[in-house]
Structures are given as structure tokens and as C-alpha cells.
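Asker: Those protein sequence lines, which keep their order, are chains A and B. Under the numbering used here, think of the first position of the first sequence as 223, with each following residue one higher. Under the numbering used here, think of the first position of the second sequence as 36, with each following residue one higher.
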Amino acid sequence: MSRPLNIIDENRVEMDRFVHLQSIADLNFVNAKNFSDKIVINYIVKDPDLKSEYFFEVQNTLIANSNQIQWQTPLLRLISPKVEVNLDVHMLTYGIVCYTFPGDIKYNKGLTCGYAVEQSFKWAFGYEFYLKKHYWPFKEMPHGIYPIHWGFTRPTIAA
Amino acid sequence: MAKKVYQQYLDQIRSAINEPNYLNDKIVKLSSKVTAEPQNFLLENVNDLSIETGLTSLKALLGKSSPVKISSGDHPDFAYLRHTKQVKIKHYIVSVFVDVKNSTNFFRKYSDDQIAVIIQTIQSAAIHTCSLFDGHVQRQQYDGLFLYFGGKNKSKSQAIEDALKAVAFFTYFMKYELPEIFDANDLDKIYTRAGIDFGDEDKVSWYVFGVNGCSELTTVSLHTSLAPKMQSYSKHNGIVIGDNLITKIPSLQQYATVPYDGSEPVPLIFKNPNYRQFDFDWQRYLSDSFEFVKRLGDKIEIDYGHEPENMTSFDNKIDMLKNNQAAISAGGILGSTGHVISPNKFYGWQ
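As C-alpha cells, this is what we get:
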């Protein structure tokens with residue numbers, strides 16, 4: 223059962239909300255919906271140098287309880303087109319891109335919604351590069367220690 | 036005469052063979068140049084070849100226009116280990132061992148000076164080719180070369196591809212271009228053999244070995260040790276690769292077959308734990324990778340008429356993303372100005 227928020231918790235949520243919204247303030251193409259406990263951002267990556275358009279959603283749960291702050295990482299999800307689970311292109315289940323996946327990335331204050339939007343561009347370009355050349359063009363980094371819960375083993379590398 | 040990728044190298048070797056005093060003549064010419072600085076007479080100073088002069092046509096075919104530097108000695112990405120309190124660094128690397136075989140036969144026909152120029156030229160071809168693909172020369176021993184591919188700013192897949200392409204082009208030189216000279220001179224064919232393996236960061240440790248004044252920054256890894264061992268199972272002008280390359284880039288499987296020692300298959304290069312090795316079909320790999328490499332039956336040929344693809348706007352954007360120089364405009368277009376894309380510094384749990 224969740225405990226009622228006290229003033230300190232509420233302040234934390236509002237401060238975090240401000241930081242997240244500020245991080246996308248200069249991006250006119252995103253559509254941000256502001257809920258009491260989360261921010262949901264929808265947008266399309268449609269660069270003239272990309273062959274396809276990519277519909278993304280960034281969902282950031284605002285965590286009041288500091289013990290659970292790890293889960294306040296913006297989840298980056300590709301809504302369309304559907305891309306199968308493929309660790310070579312860093313795609314997890316349900317269209318989740320591993321770049322900001324909270325099971326693998328230790329929470330830090332740099333993981334803002336703006337950061338997730340940035341990474342979606344990097345992913346889209348990396349994905350189209352992979353379709354042409356069959357390898358991921360960007361540096362690979364080690365994943366974290368948390369298991370991936372959605373039905374398969376934790377990959378050993380991330381983009 | 037047909038055009039050759041390594042024409043300059045072939046010309047230099049041909050001169051060494053046909054002119055017994057080639058090296059002496061070069062030194063005399065060099066010493067006659069009036070210079071204020073004292074002149075060294077090392078083989079490298081006598082050598083006319085550089086990456087820019089020697090590999091002009093290959094660079095053009097690859098569409099590489101920027102100058103290429105040779106990296107040797109301490110690997111630049113890990114050299115800081117000499118100046119820290121750390122004893123070791125864990126980081127992935129691709130280890131490559133390339134050896135030239137049958138060069139001992141040269142002693143039957145040629146003087147030491149002639150052999151020195153021949154070996155120096157073949158070594159130059161190998162070093163220049165590997166440098167063109169960002170290889171790092173770790174060690175040389177006469178006609179053998181040990182190289183690393185990869186580093187802090189290169190993805191593992193890219194490092195593997197670079198190593199395969201570099202060694203494949205050098206093997207092309209040894210298989211298709213160099214024999215013409217030695218066949219004409221009635222010598223046993225010389226050939227090359229190479230071993231390539233990949234060690235992930237948890238399997239590769241970098242240390243500085245040696246004593247004060249005589250030390251080397253190098254790796255301790257099963258996969259570094261296996262590269263020279265694999266080389267010994269390679270066919271003439273062949274490349275043997277470790278299983279880790281295929282694990283990292285599954286599409287390489289199509290070029291891999293089990294190597295043989297005589298009529299015996301040797302699928303394992305190491306036992307307990309078992310580790311597999313594969314013969315690598317570098318000719319098919321080159322022709323699949325580059326449009327200017329054409330297949331003619333079981334042979335390959337370079338198409339010099341091929342126009343290199345211009346760097347597209349897409350490629351430019353990939354480069355910008357790689358170099359952390361990309362930004363998103365307010366309207367959502369990737370470019371160099373606007374909302375700057377942060378470097379990937381938030382991964383892992385370190």
C-alpha cells in the first residue's frame with residue numbers, strides 16, 4: 223500500500239517535474255502530457271536522412287520515495303514501427319530501447335526526459351545504419367546489475 | 036601491365052631484386068642531400084613509401100581522404116596506465132598476429148641488403164594497410180607483426196570489422212600481387228598467415244610489463260595468446276578467427292568453416308574451457324563488403340574504375356553522433372546546432 227505523500231515528498235516530485243520539463247523546453251516537436259505522478263511525451267522522429275518515421279513515447283514516473291528513486295528513469299519506447307526484440311539493435315520487449323532502461327542503468331540526475339528524446343534520435347540513426355551495414359555503429363557499454371524482467375535474459379552489452 | 040593496389044611496394048621490391056646495390060645507392064643519394072640536421076640512415080628513412088604515397092589507390096577506393104597516422108608502442112588509449120596508481124585496466128581488444136612465411140628462402144638468392152629492403156617493404160605494406168583501418172602496431176619481429184584493433188572510442192563490432200578488412204587486404208597483396216615478382220624470379224612462393232581473436236573487457240587485462248627502462252604496455256588475455264596460435268592453423272594466405280568474433284557479429288558465420296591440419300579437422304584451438312576457431316573466407320568477405328572488389332569464380336579482383344560513394348548526409352550524421360557533436364533542432368531535425376545530444380556517460384553502474 224502506498225503511503226500518503228508528505229510535503230517533502232511533494233516538493234521532490236515537483237522539483238523533479240520541473241527538471242524533466244525544462245529538459246525538453248527547447249524541443250517544439252514533442253507533445254508532453256503532465257500527470258500528477260508521471261510525465262508522458264509523444265513525438266515522431268522524422269529526419270530527412272531517415273527512411274522511416276519513428277513514433278516514440280517517453281514515460282517518466284515521478285518517484286516520491288527516495289528509496290525507489292532507481293525507477294525514476296525515463297522509459298523510452300518505440301511505438302511504431304514494430305521492431306522485434308533484438309539485442310544487436312538494443313531493442314527489448316514491448317519496443318523498449320535499452321538506452322534508458324531502468325533495469326540496466328543506474329539512476330542519476332542526468333537521465334532526464336530530454337536525455338531520452340536525444341537517445342531516440344541516436345537509436346533511430348543507429349537502427350537504419352544497422353539495417354544497411356549489419357552492425358551497431360556506436361560505442362557499446364556494459365549493462366548494469368539489475369535483471370531485465372520482461373521475459374528474457376539480461377544482455378551483456380548495451381548501446 | 037595490370038594496375039595493382041600495392042604497385043609502389045611491388046616496384047620497390049622489384050628494384051631490390053634487380054639491383055643488388057639498390058640499398059647502397061639509396062643511402063648515397065640520401066647522404067648527398069645537404070641538410071642542416073644530421074641524417075639517420077635507418078631503413079625507414081631509405082624507404083620511399085608512406086601510407087599516402089603507397090596506398091593512394093586503396094585510399095581512394097575506400098573514399099578515405101584524411102591523412103592516416105601510424106600508431107605503435109604504447110596503445111594511446113591505455114598509455115595513461117604508466118602514470119596512474121592502477122596496476123591494470125580491463126578493456127576489450129581485438130588481437131591480430133600476421134606472419135610472412137617462406138621468406139627464409141631469400142637467403143639462397145639475395146644479399147642481406149636486398150632481403151632487408153624486401154622484408155622492410157612487405158612490413159610497410161602490412162603496417163600501412165592496418166593503419167588505414169586504425170590498427171595499432173604493438174610489436175614487430177622481422178617478418179611477423181602483432182597488432183591491436185579497437186580502443187576507448189571504437190565499438191567492438193567496428194574494431195572487429197576493421198581488423199578483418201585490414202588483414203584481408205594485406206592477404207590480398209600477398210596472394211594476388213606479390214607472387215608475380217617472385218614467380219618471375221623462380222623462388223618458392225612466400226605467403227602470409229594470420230590469426231585474429233576478440234577478448235571482451237572481462238577477459239582482457241592491460242598491464243605494463245618489464246623493468247625500468249625496458250617495459251611494454253600489453254594485454255594478458257587468453258584471446259591475445261590464441262591469435263598467434265590460430266595463425267599456425269591457417270592455410271597459405273589464409274586467416275583463422277576465434278569464436279568470439281562470430282558471437283559478436285553473427286553475420287560472420289557465413290564466412291566461417293572448420294580449419295584442417297592435413298586431413299584432420301581442428302575445430303578447437305583451446306580445450307577446458309573449449310574455444311572454437313574458424314577458417315575465414317576473407318575473399319568472399321571482401322567482395323561482400325566492398326563494391327570495388329569483384330568475384331571471378333573462386334578469385335577476386337579489384338575494379339579500379341569504381342567511383343567511391345560520396346559521404347552521404349546520413350553518414351555525416353552518424354559521424355556526428357559517434358563524435359558527440361550532434362544536436363536536435365527545435366523542429367526535430369538532427370544537425371550540428373540546437374539541443375545538444377549528451378555523450379553516453381550514464382550507462383552501467385560504475
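Cβ coordinates follow ideal geometry from the N, Cα and C atoms, glycine included.
Use the C-beta contact count for Leu353(A): other C-beta atoms within 10 angstroms, 16 or more gives buried, fewer gives exposed.
Answerer: The residue is exposed, with fewer than 16 neighbouring Cβ atoms inside 10 Å.
Asker: Residues bridged to Gln360(B) by DSSP?
Answerer: None; Gln360(B) has no bridge partner.
Asker: Could you round the C-beta distance between Gln266(B) and Gly230(B) to whole angstroms and report it? I think they count as a contact, below 8 Å.
Answerer: The Cβ separation is near 3 Å, so the contact holds.
Asker: So if I threshold CB-CB distances at 8 Å, which residues from the stretch 183 to 200 of chain B count as touching chain A?
Answerer: Those would be Asn188, Lys189, Ser190, Lys191, Ser192, Gln193, Glu196, in chain order.
Asker: For Thr254(B), count neighbouring C-beta atoms within 10 Å of its own C-beta (all shown protein chains included) and say buried if the count is 16 or more, exposed if not.
Answerer: Its Cβ being crowded by 16 or more others within 10 Å, Thr254(B) is buried.
Asker: Does Lys344(A) have its Cβ less than 8 Å from a Cβ in chain B?
Answerer: Chain B contact via Cβ: present.
Asker: Less than 8 Å between the beta carbons of Trp358(A) and Ser286(B), yes or no?
Answerer: No. Outside cutoff.
Asker: Thinking just about the alpha-carbon of each residue, which of Ile318(A), Tyr349(A), Ile291(A), Gly336(A) is nearest to the one in Lys328(A)?
Answerer: Cα-wise, what sits closest to Lys328(A) is Ile291(A).
Asker: Helix, strand or coil for Gly373(B)? Go by DSSP, reduced to three states.
Answerer: Three-state DSSP puts Gly373(B) in coil, outside helix and strand.
Asker: Go ahead and pull the three-state DSSP assignment for Gln149(B).
Answerer: Correct three-state label for Gln149(B): helix.
Asker: So, under 8 Å CB-CB, Glu251(B) and Gly245(B) are touching, yes? Tell me the CB distance rounded to an integer number of Å.
Answerer: At roughly 6 Å, the Cβ-Cβ gap stays under 8 Å, so Glu251(B) and Gly245(B) are in contact.
Asker: Could one say the Cβ of Ile284(B) lies closer than 8 Å to chain A's Cβ atoms, at least one of them?
Answerer: Yes, because at least one Cβ of chain A sits closer than 8 Å to the Cβ of Ile284(B).
Asker: Find the residues of chain A that neighbour Ile398(B), judging by a C-beta separation of less than 8 Å, and give them in chain order.
Answerer: Given that chain B is displayed from residue 36 to residue 385, the structure contains no residue 398(B) and the question cannot be resolved.
Asker: At a CB distance below 7 Å, what residues from the stretch 339 to 367 of chain B approach chain A? Give them in sequence order.
Answerer: From the stretch 339 to 367 of chain B, only Ser348, Phe349, Lys352, Ile353, Leu356, Lys357, Ile363, Ala365, Gly366, Gly367 have a Cβ closer than 7 Å to chain A.
Asker: May I ask you to report which of helix, strand or coil DSSP gives Ala203(B)?
Answerer: Looking at Ala203(B) - three-state DSSP - the assignment turns out to be helix.
Asker: Got a sec: is the Cβ-Cβ distance from Phe347(A) to anything in chain B below 8 Å?
Answerer: Yes, its Cβ sits closer than 8 Å to a Cβ of chain B.
Asker: Which whole runs of the beta strand (DSSP E) in the stretch 271 to 338 of chain A are 3 residues long or more, in chain order?
Answerer: Within the stretch 271 to 338 of chain A, the complete beta strand (DSSP E) runs of at least 3 residues are 276 to 283, 297 to 302.
Asker: What does DSSP give as the partner residue(s) for Ile128(B) in the beta ladder?
Answerer: According to DSSP, which records beta bridges pairwise, Ile128(B) is partnered with Gly234(B).
Asker: Is the stretch 172 to 189 of chain B close to the stretch 111 to 126 of chain B, with three or more CB pairs under 8 Å?
Answerer: Short answer: they touch.
Asker: Run through the DSSP bridge pairs and tell me what Gln175(B) is partnered with.
Answerer: Note: Gln175(B) sits in a beta bridge opposite Leu180(B).
Asker: Between the alpha carbons of Ala422(A) and Met237(A), how many angstroms are there, rounded?
Answerer: Past the boundaries of the shown model lies residue 422(A); chain A is included only from 223 to 381, so the question cannot be answered.
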